[in-house]
Structures are given as structure tokens and as C-alpha cells.
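Asker: In order, the protein sequences belong to chains A and B.
Just so we're aligned: the first sequence equals residues -1 to 716 in the working numbering.
Just so we're aligned: the second sequence equals residues -1 to 716 in the working numbering.
C-beta: ideal position from N, C-alpha, C; glycine also.
Number of protein chains: 2
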Amino acid sequence: MKSVNLLILLISILFPMKSYSQEIPLTLEDLIPGGKTFNKYRAEIPRQIDWWQDKLTYVKGDSIMIAPSGEKDKPQVLLSLSDLQAGLNLEARLPKSLNMVKFVSPRSNDLLVITADTLYFYDITKKTITARFSNTDKMSFHDWADKSRMLAYTKKNNLFVQTPEGKEYAVTNEVDSQIVVGQSVHRNEFGISKGTFWSPSGKKLAFYRMDQTMVTDYPLVDISTRIATLKDIKYPMAGMKSHHVTVGVYDPESQKTIYLKTGTPKEKYLTNIAWSPDEKSIYIAELNRGQDTCVLRNYDASTGKLLNTLFTETHAKYVEPETPIVFLKNDPTKFLWFSKRDGFNHLYLYDIAGKQLKQITSGAWDVTSFLGFDASGENILYISAEESPIEKHIYKQNLKSGKKQLLSKEEGVHTATLSGSGKYLYDRYTSQYNPGKIAIADVKSNKSYVWHTAKDPYRNVTLPQISLGTIKADDGNADLYYRLIKPLNFDETKKYPVIVYVYGGPHSQLVDNSWMGQARGWDIYMAEKGYIVFTLDNRGTLSRGIDFENITHRQLGVVETQDQMSGVNFLKSLPYVDADRIGVHGWSFGGFMTLNLMLRHPETFKVGVAGGPVTDWKYYEIMYGERYMDSPQENPEGYKNSNMVERAGDLKGRLLLIHGDEDPTVVMQHSLQFLNSAVKKGTHPDFFVYPGHEHNVLGRDRVHLHEHITRYFDDFLK
Amino acid sequence: MKSVNLLILLISILFPMKSYSQEIPLTLEDLIPGGKTFNKYRAEIPRQIDWWQDKLTYVKGDSIMIAPSGEKDKPQVLLSLSDLQAGLNLEARLPKSLNMVKFVSPRSNDLLVITADTLYFYDITKKTITARFSNTDKMSFHDWADKSRMLAYTKKNNLFVQTPEGKEYAVTNEVDSQIVVGQSVHRNEFGISKGTFWSPSGKKLAFYRMDQTMVTDYPLVDISTRIATLKDIKYPMAGMKSHHVTVGVYDPESQKTIYLKTGTPKEKYLTNIAWSPDEKSIYIAELNRGQDTCVLRNYDASTGKLLNTLFTETHAKYVEPETPIVFLKNDPTKFLWFSKRDGFNHLYLYDIAGKQLKQITSGAWDVTSFLGFDASGENILYISAEESPIEKHIYKQNLKSGKKQLLSKEEGVHTATLSGSGKYLYDRYTSQYNPGKIAIADVKSNKSYVWHTAKDPYRNVTLPQISLGTIKADDGNADLYYRLIKPLNFDETKKYPVIVYVYGGPHSQLVDNSWMGQARGWDIYMAEKGYIVFTLDNRGTLSRGIDFENITHRQLGVVETQDQMSGVNFLKSLPYVDADRIGVHGWSFGGFMTLNLMLRHPETFKVGVAGGPVTDWKYYEIMYGERYMDSPQENPEGYKNSNMVERAGDLKGRLLLIHGDEDPTVVMQHSLQFLNSAVKKGTHPDFFVYPGHEHNVLGRDRVHLHEHITRYFDDFLK
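#1: Is it a yes or a no for the stretch 343 to 363 of chain B touching the stretch 436 to 444 of chain B, going by three-plus beta-carbon pairs under 8 Å?
#2: Pull the bridge partners of Trp363/B from the DSSP assignment, please.
#3: Could you tell me the alpha carbon to alpha carbon distance between Met563/A and Ile522/A, rounded to whole angstroms?
#4: Just checking: is the beta-carbon of Thr214/A within a distance shorter than 7 Å of some beta-carbon in chain B?
#5: In chain order, what residues of the same chain lie with their CB nearer than 8 Å to the CB of Asp699/B, ignoring the 5 residues before and after it?
#6: According to the Cβ coordinates, are Ser382/A and Glu409/A closer than 7 Å?
#7: Return the residues of the stretch 231 to 263 of chain A that lie within a Cβ-Cβ distance of less than 8 Å from chain B, sorted by chain order.
#8: Indicate the three-state DSSP secondary structure (helix, strand or coil) for Ile549/B in the structure shown.
#9: Let me check understanding here. Comparing Cα to Cα, which of Met591/A, Pro573/A and Val575/A lies closest to Thr559/A?
#10: Give the secondary structure of Ala351/B by DSSP, where H, G and I count as helix, E and B as strand, and everything else as coil.
#11: Could you check which residue in Ser419/A, Gly418/A, Ile378/A and Pro73/A has the C-alpha nearest to that of Gly400/A?
#12: Output needed for Ile707/A: all residues of its chain with C-beta closer than 6 Å, excluding positions within five of it in sequence on either side, in chain order.
#13: For a quick check, are the C-beta atoms of Gly780/B and Gln181/B less than 7 Å apart?
#14: Mind pulling the chain B residues with CB within less than 8 Å of Ile689/A?
#15: I want to see whether chain B comes within less than 7 Å of Ala41/A, judged by CB atoms only; does it?
#16: Compute the beta-carbon to beta-carbon distance between Lys259/A and Gly302/A, rounded to the nearest angstrom, for a pair I have assumed lies under 8 Å.
#17: Give a yes or no on whether the minimum CB-CB distance between Pro718/A and chain B is below 7 Å.
#18: According to DSSP, simplified to helix, strand and coil, what is Arg598/A?
#19: Looking at chain C, is there any beta carbon in it that lies within less than 7 Å of the beta carbon of Leu29/B?
#20: Specify, as a first and last residue, the run of the beta strand (DSSP E) that Met380/B falls within.
#21: How far does the beta strand (DSSP E) with Met63/B in it reach, from first residue to last?
#22: Note down, in chain order, every chain A residue with its Cβ under 9 Å from the Cβ of Gln210/B.
#23: Exposed or buried, what is Arg481/A when buried is set at 16 or more other beta-carbons lying within 10 Å of its beta-carbon?
#24: Specify, as a first and last residue, the run of the alpha helix (DSSP H) that Ser337/B falls within.
#25: Counting beta carbon pairs with one atom in the stretch 417 to 429 of chain A and one in the stretch 571 to 578 of chain A, are three or more of them shorter than 8 Å?
#26: Residues of chain B with CB closer than 8 Å to the CB of Arg709/A, please, in chain order.
#27: Could you name the residues of the stretch 629 to 662 of chain A whose beta carbon sits closer than 7 Å to any beta carbon of chain B, in the order they occur along the chain?
#28: Starting from Glu705/A, find everything on chain B with Cβ-Cβ shorter than 9 Å and list it in chain order.
#29: For Thr262/A, name the three-state secondary structure that DSSP assigns.
#30: Can you name the start and end residues of the alpha helix (DSSP H) that Pro634/B belongs to?
#31: Leaving out the 5 sequence neighbours to the left and right, which residues in its chain are closer than 7 Å to Met596/B when beta-carbon positions are compared?
#32: Pop quiz: Thr468/A and Asp477/A are said to be a contact at Cβ under 8 Å. What is the actual Cβ separation, rounded to whole angstroms?
#33: Bridge partners of Asn286/B, per DSSP?
#34: Could you tell me which uninterrupted beta strand (DSSP E) segments, each at least 3 residues in length, are contained entirely in the stretch 105 to 155 of chain A, listed from first to last along the chain?
#35: Distance, Cα to Cα, Pro66/A vs Ile282/A?
#36: Threshold first: 3 residues or longer. Then list the beta strand (DSSP E) segments lying entirely within the stretch 182 to 221 of chain A, N to C.
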């Protein structure tokens, strides 16, 4: 259940902190994103941190700064806004701040400068404009090539390319709007989040073409217009017809396009596109619709012919390729491949003939991301959960010797990026009591210094007590991590109501050793109001290996509910928990889980709030749905057992469903089908709709949402 | 806010009563239509009462019976099911009951017999089939001519005619589905409920043709299908483009069609079609889009030419023609016309030159329906509110002398039909303590006898006390009728919560001297549970003359709310009313009124439930909306003042909105716009949706609806 908008990510801004005085208790305006005072309580981190070659840059006021290279060094001004404006002085509309300025890539001297309708590349060393792309306000899905300075983008359903001089070429000219080119496909599953892929030199452009003519429409309705208007989306539901995707390659020099001959069946997933280093071929991880067989194939980028089928991975449940192959820095005949084939996500070394040379990482833990190569190219850097399932640390490993080194020095959850050459590492991390630190490390020596330490944004506030721990799953084996937040002014002689906040779906991990143990603002708010707030990562969630995750296959909701009930039994064992006042809340898969808990255990839960819930997997989309549930035709019993619509008659407590009426991810049919079933069976859920909202209620309205959820618990659980 | 389906009316069945024992208290299943035991508490009335010439017939078991002609007479069997089956013995599929059998008209010997796919005319005296129409299962909007035995009907958007021998003619062949022929137009306003009009002899057929190509679509969504499907409706909203209607005349003999030359502007209302007695011309009451000018025109039925413009009626607020002209029985050069021009609805006599000959009825009361002529043709029969605004009585009046006679003999609300010749009157009536009586009267002598007296269906039940009364409106002038239901086991020393049940819109009257004062089942239920239930007919409602009604013009909700508050002040004056626990509930216009009361008087009402509410009149349809509000362009201040969406921020109490997601009358945009506004303004209404339901929640689900409404009051008002 992903949603990615690269442009929004690009222009997102880290607001600076303002001073504040002691305010207790915190309000939803303080605690919920979109709240008027929310930014007061965000950890202070420098804005727009970016690698420029081997320098770490950031924005302070109206200047791009270079971070100190060591503890005794001082920040330097790299470029001021006025300098930039002067450099662009021929242009009419100058940028008024540095918010829309960033480096084109860590290895480029070009700054990307976005103005109202023009996009510039500005060379920071030569102080000249090196590319100028016009009419960018009418474009979407921009993708630029740092070396060739070409820009790819879409207009409506077609793909275009502009040269650095602003000359525009139409790559495609599809008349049928149901054929979409240059955009992400397969509903952003399988690691796919974009639709264009420049070759390493930026001379050729691979792109997705998606034919949706055979996919059913789902009618969304926009009620904000004078008379409500239809906004059809293409929504392939589990078991129904899926779109056909192909991959094209465009050569701006010849202005010619070829398509890779990926053949039949047309219903399959072309995932993880990767260019060969010599740009002559393209690698694709091809997954069958059944999602149990993944084949790595290599296609000629000039003719589209299949050159080689490198290897095949299968799994009785599902295979889920999420990362393109990565060629070694020093050897274009070898590449790295992520696989969960030994039960955990690990890196394997292959040659381009498809021969496995060796397994690089191994152990009962997952590699969670690949960072790149050091300057020498002899070592890889990655992040893994080896230290603890609830931490993420940075490792360097020698490709030849396999010798591994832990680079991150403090506990918690680390994220990192490498500098342009691979010499330096930007390491940003938090832990339960650390709101945010940034270290800069020399990869070779692993000497590092902490450049930035964020102050505790709640230093003037008395917060509820947050504790993390584990319980055993009912298989007697798996450790399940939980987070328990006690009410403010906790009195152990009292009995408190509990709210279980749940997600529980694949690819999620709600409990870890990051800032405040990932406690959410609403959790804090409810603890302030006198509720115990409890969250547990059941089997089926992330970073615990494939068996921990795929035990839910073909029966979503069953094992997850067992584990959540283990959590509830733990809660009931606590002397200060009022077992008669247990509530549950979750969104999306967490809404589905809320329904599972309310309807499979109606005697346990008094109140539930299910936001954007899946109520019947047959109304969910093909890619995610069939991975975990197979199709309704293949798995009728599993669909029946996971069907909350059919269980609507089992409702005993108070249940509020909430949905965005333009939700394109979990369509509102889910909630309405549940209501319809409840009406027929004589039970009485409650319902609320956020008009104009999609799968999550975002922006200012998110405060209203949490007021609404809170009121429901106050009405019926308090 | 009307919805008519003639076919459903035709096949509706009056269930016979079953015996029962004492059960207290009554449940929603007993009290709500659709409830499992609802029919146990309906007054017992003979089924399928019908005039056959001057005999009153009804169905008992498997026989059509003739009612006794006097107190000493006995019922006779007219026809048994087996006789009918024998009469139809050549046919494969015989009717299995008399449910689908009725007389073609009171003046015909033909019975209309409906089987699965064939419709017969069966002459009850000759015992032969006189017409046979096939494939009736594929048709809609059947309209038959009793004399010519022709059948008109629609298939999709086109009109067809079948001869008695089953030969089918296509009257129209419109390819564009947005052009609809032979169906009701103008959204069933202006007394229009059908689209075909046979000439008196049944030789020619007038019909409506509606071009909706210029009207916007409203997207309804059906979520019951595998993937939700779009069900667009044509919905002309106030101030937007309206459809174009014309009237065609089809001659089955020549198979030719002409259209009346009704000319421009094309946006107008062609209402109240009437054939001249000689079938040579057609009269139409033409109303301009502004609805302030009505012109009676006469068109040549052979050429379509305008023959004559008879007269024009105007009103500064609105004119609302609802009844076609009626030619005198004995003089085809004179006709009757309903007009409210003197402030009340009265009958006027005109000649066909358009000259007013005289006003027939007059006084400070409304004629509510015209029944017809007596056998001599010298007297007319009608129903009026002359006796009391909350009663309806039957009158006979001599056309020449004007001498008037009250025919109905008992108090209450009478409905009536005349026998084929006009000699006899079927008079059915109830009053507060009379669940249903039927009298048969000789029109000439006014001798009558009570043929049927229904037993009190609640005779074994202790009901809450219902009382009717009046208060003065705040203009110090108008009497406003109310109904007050006290809780069961009422204790005058206690303080009770109150629920105001409200409608308050035009064409309504909720309080009258009919059975139980029109108390609804839910009112009784809530009184059983300990609530006072109060209803008041504010200014703007029916049967009180035009000034009483149109005081609301251009400002719907304002005066109505004042009057409802007069009712609330009266309630507060009662020692047993708890002024801190006043709630309000209403549906449709009553939902709009609920919002008016909750938002204009937030300190008064603690809880409200608004079903299918209008929240902003600009989202309502043109014909009703512009009559009462003019267009948004013409009356911006009135629309603003009546706009509940803008007032959503004034909410203080608890408010539940309920909507059917396929409501084609008050579209769900109303409720969703209100929610959206509340979210932006930070207030918290509640919401519920009945999937698949239209403007009213009908059938079994109506019980669930009332459980849901009840629970809301129990949660927050009790």
C-alpha cells in the first residue's frame, strides 16, 4: 500500500524550529502532522542536506553551506541566493529562495533550479547555466540525466524528452488515454516507483508503457465541483484482468524507439529495470502473474531481442523482487542481486552469464538496503538488521574477503548515503531517546564525527512513559516486539483503558529503537488523556526474514490476529489494565486488522476505529492482493476466511469505519460493502467520510481526523 | 420530492390480518414498514377494492367479490380464480392468484390480467379475451386505453404501441439514449407522473419527448457489483441548463406522429396535458422556467399548430399548475380549472374561448381534489379542507346553482372515488380514533351505509397518549397544528427528553385528524422508550392556502424554523419537558429542517438526525428548487441564508447525517459537502450511509435505519 510522488519529495522542506515555552498537555495541533504547532515539536535537523561530490551541503537561511569536514572545521558558504540570482541574471523569474534548489546528483557540479515554468541546470563551479528546460509547469514525472543533461517527462499519457537547449521530442504519441507511457506501473509494487530510466551516460532512455484498455474502471466521485464529477481510475482487482506492460528504449540522437521483446503471456510484471554499464543491454526481473517465479533476463537495448535468461528464482508462496541488479564498480561483468532464498534478504554475486559466484552476506537477519561502493570499489556498504531486529546499522564488507565491519557507532536506526566518490558517509540516526544525530564518516578509516545533535523537542514537556519489550508468539518461538505507553501521571493502583494501535501488514515495522520507539503523536495524546496505548508487530511484518513474513500467505488476518491476541493476553496480565475497556485502531491494513480483532474476538474489544480498511481482498488490487492471497479463484477458502464483509454480523462492540471518498488504494467499496452487510445482518457500525481525501487523510484535516477518532473512544471506551 | 412508480402501485397488495396476542411494548419490527410483524398492526381493509361500473368489487381469497349494495345485502362472488383460469384456458401460463388482476377502468367490463410476459384484457361478461399483449416483461410504463384496447409502453428510451391483436408499432426510434420518450418529465413536478396520454376514445396517443442532451450527469455509484459501477443520472441543478420537452401525438391507424409546435424558449414546462372531448386538440398549461407565468394553450392534435391561447395566470412568487383541465360531462365547450389566484385552491369554470364564466368554489380553504361528476353531470364532487384544515371532507356542488352539500358523515380525513356512472361514491376515511371505515353512498340521495369498519389493530396494546392541538405562530396570526405524544406510563412529575420530528416542506401535512393523528410507528416506539415526540406543521406546508405556503419563498428554512421554535417554546412551557434534552429528526426537507434547527439554534438542540438532507439548494434540481428559491443567480442572498454547508461550523450538539448512496433525489453531494465543510471548520457531525438505497431507506432495511436513529438518541439524548 504505497504511494510515491517524487516531485513532492523533491520540494518538501524541513522547517526550522522556533522557540517555545512549556506547554502541557500537548494538543493534537502539536502532535499531528498538519497541526498548527506540529513543527514546534519536530527535531531540529539542517535543511536540504545534499552531497556535492564529497562535500556535504545544506541550506541555512539564503545560503547553501558546506558542512565542516571535522570537529574543528567550520561551515563555509558555498553559494548564496543572491549569487545564484546573479548567475541566472538573464532570466525573468528568479528563484526567491533556495527551497527549490538541489544538486542534480552527488557526482555533478550542476544545481537543479526550479522556477515557475523553467528548470535550469546551473554549474556551481563555472557559474553558468548548462541546461534550460522550458514549460516545465505543464509536465509531470520529470527525470533528468546528470551527464547528458537531458530531461524526460510526461504530458498526459505520453512521454517527451528535452535537450539541454530546450528542444522537445515526443517519444510517444498514444492517442488512447488508457495507454500510459513514462509513468510508474504495476501500482508501485515490486520496488517500482517511476517510469523512466536513463542509461548511465544519459544517452538513451528506457521507459515503461502500460496498456490499461482491458482493465476495469473504478468510479471515484469528486463532490467539490458545482455538480459532482466522475474521476474514473483504472483499478485491476484481484482475479480480474491485469494491464499489459512493455519496456521501450528511446534514442534522442536518432529519435527512434524500440520495444524489448518481452513476449507472452502479456500479463506479467517487468520489474527492476537496470542498464548494463556499456548501455548495450537492459536487465529485467520478470515475475509471472502468479508471483512465484522470477526470471532475470537481459535484452538488447538496440534491437529489443532477448539476449540471455540468467537465472530463475521460485518460491512456493511468492517471490518479491524489489531491487534492480547492481554492477560492481570495478568489474562490469559482475553484479549484485538481492534474494530471500535462504530465508533472509541477502546479497549474492553473479556474473553476466548468470552464474552465481558467491553469497556475499548471510545470517538470520535481513539486509535492508544497499548503499553503494566505497571509493576503491572493493567494499560494499549496506544497512542490515543484524544487530537487532529493531535496529538498523551500517556495514562495510569487502567483496573478496567477505570481511565485514560495523560502521555505525551508536544504537538505534541508521539511514545513510554515500558521497559522490564513496569516500564519505552521511549517517543519520535516532534511537528511543535520541531525536536525531548526523555523523559524517570517512569510509576507509571509519573515523567519524557527530556533526549535528538535535535537541529533544519535548525537553520542556512531561511525556507519558514509553517502553519497548517482547512477548512470545503462540507458536512458542517467535519474539514479538511491542511498545507500551502508560498514561501520564500513571498510578499503578488504578485500572486504565487500553487502545491497541495496529497495522500488522507486510513491509511494516511499527516498533523499533528509533526516536520514542516510533510512538505516534496520537499515541502520546491518548496517553495524556488517560489511555494505555499498545502496539505490537505481529508475524507478517518486516525485517524478520521471509518465514516470519509469509506465514500469513493465503490467509491474511489469521496469524496476525493470533499474535495481536497474544499482545492482548499480555495486557490483561498487567494489573493496571482494565480488561473490560480494550479498544483498537488502525488504518489501511491496520483497518483490516481492526475488523479482524473486533469480529473474530467480539468479547474482547469494546471499541474499534478502522480507517480506510480492506474488508474483502477481492476488492483489492491484483499485484499486492494476489501476492499475499493468490486470486479469489485459486483460494476461495482463504478469501472467505479473510472476508470481513461476511463477518459484519458478528459485531458486538462499537465500531467506526472511516474512509476517504476518493481513496484510489483501498476503494470506498470496501467500507460500503461492510456497511451493506451490517445492515442486512442487523449490526450497527458507525461511519465517517473525509470528502476529497485519498487513502490517508493528510494536511490540516488530519487533526480533525484524530479529534474524530479520539471522540469516538471518549464516547464509548473512556 | 416525489417518486411515483405506477406499476408498483398497481401490483401492491393489501395483506390480510392475522390473529395475535397481547405484546407490549411494540418493537420496531411491529412499527416500521418492512418490519417482520408490521402487517399485524395494519388496519384490516378488504383487498384490491375497485369499481366495476356501479358495483364495488374487492378480492377475498380466490374470488372477486361484489360488495353489498346496502346494509341488508350480502356480498356476491363476481368471478373466481378458477373461472378466470378457465376463461383463459388456451394460454400456457395462467395467473396463480388474483393479485395481478384489476379492472381496466371503472367504465369497462374488461379485467386487466397480468401474467409473466403477457397482459390480457378479459371481458367479464362475455368471458372472452378481448386483447392480448405479449412480451410485456420487457416493457415499462404500460398505459392502456380502455375503449380502443391499445397498449402504449416504453422499451429503453423509446415508445411503442401494441394493438389488441399484439401487433407492435414503434412510435419513436431515438438512437441517443439521452432523448427519452413516453416517460414522465420535469422530475415529476407540476402534477406530472406519466408520459403517455390516450385520447378519450383511445385512438390517438399524446406523449412526452424529453431531450436531456444538455443536462449534466450526476455520477451515482453502485457498490454491489464485483467492481463498483457507474450509474449516471441526468440531474439538472438549480440555475443550470434544463432539458427540452416537447409533446408528440401518434395515430396508430396512420402510424404517423406530429409534434405540437410549442416553440421557444425551449426551457419551459409543458404541464397538465388534456385532450379535448372531440380529440381534435390538446390543452397544455405552459409554465415559463421562472415559474411565475402559466399560459393555458390549445394545440391542433393533427397539425400541431397553436389554435388558441386561453388565458394567463401570474404570481409574483410562483404559479404551480397541478391538475389538467376537466371538461364538463354535459358540455364539451366548458371546462373546470384549478387556481390559487384568490389565495386558496379553487375551481373555476371557463369556456373554450378562454373566458372565465364563474368561480365555482370559494372561501378561506383549499379544494384538495376533484372527484368527478355525478350521473346527471349537473353536480361536481370534490374534497376540501373547508370543515377544518386538519380534515378532508367530500362535497357535492351544483354547477348551476352553486348549492353545496357535505356528503361525508363522520369526522376525519376522507378519500373517495366515484363509480363508473357517477351514481355511487366509495368513501374511505380514518380519524384519530378510527383506523379505517368504508362507506358506500348513493350520490343523489346521499344515503350511505358503512360497509366496512376496521378493528383497532392496537386493541390489545397499551399505546402512548397522542394529543393534537394548535399554537400561534410568532406573527400572532397563523394557527399551527401540532401532535404531542407523551411517554408510555407518563408521570407528570418527571422531566422527559423530547424529540421533534419535522418535515416542514411544501406539499406536506404531518398533523391531521386521521388515524392516530398520523403518528408514525417510530414516534410510538420512542414514546414507549420514554421520549416525548412532538411534530408541528409550520408555515410553508399544505392545505392552508397559498400565503401560508409561499411565505417561505426565496428563503427556505427561515420562517419554517421560526415556527418550529414556536413549537419548542411551547414545549419548554410544559412542566414535564426537560429543556436540556431536546432532539430533532427529519428526512429530506425534514433533514434540511433538522440542520436549520441544529445550526440556527445550537443552544437549543442537543441531538439531531438529518436523513437525506438538502444542505445547499444549489445542489437540488431545477423544477422544485427554482420554484421555491428562484435560481442561485437570481437569489444569491437567499441561497446563502439557506445554506447549511456554510453553517457547518455552528454545530454544537450531536448531529448524525444519513444518506442513501444512490439517492437520485437529494444526491449524496449534499451530505458530503456538509461533512467537508464541517471538517474544514473543525466541527464533528456523524454520518451513516445506506448502500444501494435511494432517497428513502425502504424494505427490511428501514427497520435497521430506525434502530440506528434510535441508538443515536439513546447514546446522546437519553
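Answerer: Looking at the atomic coordinates:
#1: no
#2: Stepping through the second sequence from its first residue, residue 363/B is reached at position 365. Answer by DSSP bridge pairing: none, since Trp363/B is not bridged.
#3: Stepping through the first sequence from its first residue, residue 563/A is reached at position 565. Stepping through the first sequence from its first residue, residue 522/A is reached at position 524. If you take the alpha carbons of Met563/A and Ile522/A, they lie about 23 Å apart.
#4: What you label residue 214/A is simply residue 216 of the first sequence in a count that begins at 1. It does; some Cβ of chain B falls within 7 Å.
#5: Along the second sequence, one-based indexing puts residue 699/B at 701. Result list for Asp699/B: Gly32, Tyr688 and His691, in chain order.
#6: One-based indexing of the first sequence puts residue 382/A at position 384. One-based indexing of the first sequence puts residue 409/A at position 411. Against a cut-off of 7 Å, the Cβ pair of Glu409/A and Ser382/A comes out as no contact.
#7: Tyr233, Met235 and Met238
#8: Reading the second sequence from its first residue, position 551 is the one you call residue 549/B. Looking at Ile549/B - three-state DSSP - the assignment turns out to be coil, as it is neither helix nor strand.
#9: Working through the first sequence from its first residue, we reach residue 559/A at position 561. Of Met591/A, Pro573/A and Val575/A, the residue nearest in Cα terms is Met591/A.
#10: For the purposes of this step, residue 351/B is taken as residue 353 along the second sequence, with counting starting at 1. Residue state, collapsed to three classes: coil.
#11: Reading the first sequence from its first residue, position 402 is the one you call residue 400/A. Comparing Cα positions, the closest option is Ile378/A.
#12: The residue you call residue 707/A lines up with position 709 of the first sequence. Taken in chain order, the residues that qualify are Val607.
#13: Since the first residue of chain B shown is -1 and the last is 716, residue 780/B is not available in this structure.
#14: Within the first sequence, the letter at position 691 stands for residue 689/A. Per the sequence presented here, residue 689/A reads as Pro, with Ile not at that position. Going along chain B in sequence order, the residues near Pro689/A (Cβ under 8 Å) are Leu670, Gln671, Leu673, Asn674 and Val677.
#15: Here residue 41/A refers to the residue found at position 43 when the first sequence is read from its first residue. No, no contact with chain B.
#16: Working through the first sequence from its first residue, we reach residue 259/A at position 261. Working through the first sequence from its first residue, we reach residue 302/A at position 304. Indeed, because the Cβ distance is near 5 Å, the residues count as touching under 8 Å.
#17: Examination of residue 718/A is not possible in this model, given that chain A is present from -1 through 716 alone.
#18: As a position in the first sequence, residue 598/A is number 600, starting the count at 1. Of the three classes helix, strand and coil, the one that applies to Arg598/A here is helix, per DSSP.
#19: This model lacks chain C altogether; the protein chains it does include are A and B.
#20: In the second sequence, the residue the question calls residue 380/B occupies position 382. Going by the sequence as given, residue 380/B is Tyr instead of Met. Run containing Tyr380/B: Asn377 to Ser382, per the beta strand (DSSP E) assignment.
#21: Taking the second sequence and counting its residues from 1, one reaches residue 63/B at position 65. Residues Ser61 to Ile64.
#22: Indexing the second sequence from 1 puts residue 210/B at position 212. Chain A residues near Gln210/B: none, gap ~14 Å exceeds 9 Å.
#23: Looking up residue 481/A in the first sequence gives position 483. Buried, since its Cβ has 16 or more Cβ neighbours within 10 Å.
#24: Locating residue 337/B in the second sequence gives position 339, counting from the first residue. No alpha helix (DSSP H) contains Ser337/B, which is instead part of the beta strand (DSSP E) from Lys332 to Ser337.
#25: no
#26: For the purposes of this step, residue 709/A is taken as residue 711 along the first sequence, with counting starting at 1. Within 8 Å Cβ-Cβ: His682.
#27: Asp659
#28: Start at 1 with the first residue of the first sequence, and residue 705/A comes out as number 707. The answer, in chain order, is Gly680 and His682.
#29: Along the first sequence, read from residue 1 onward, the residue named residue 262/A stands at position 264. If DSSP states are grouped into helix, strand and coil, Thr262/A belongs with coil.
#30: One-based indexing of the second sequence puts residue 634/B at position 636. Run containing Pro634/B: Pro634 to Asn639, per the alpha helix (DSSP H) assignment.
#31: The residue you call residue 596/B lines up with position 598 of the second sequence. Val582, Phe603, Gly606, Leu649, Gly651 and Leu653.
#32: Position 470 of the first sequence, counting from 1, holds the residue named residue 468/A. Position 479 of the first sequence, counting from 1, holds the residue named residue 477/A. Their Cβ separation, rounded to whole angstroms, is 4 Å, which keeps Thr468/A and Asp477/A in contact under 8 Å.
#33: On the second sequence, residue 286/B is found 288 positions in, with the first residue counted as 1. Its beta-bridge partners are Lys266/B.
#34: 108 to 112, 116 to 121, 126 to 132, 138 to 142 and 149 to 153
#35: The residue given as residue 66/A occupies position 68 in the first sequence. The residue given as residue 282/A occupies position 284 in the first sequence. Distance between the alpha carbons of Pro66/A and Ile282/A: 41 Å.
#36: 194 to 196, 203 to 209 and 215 to 220
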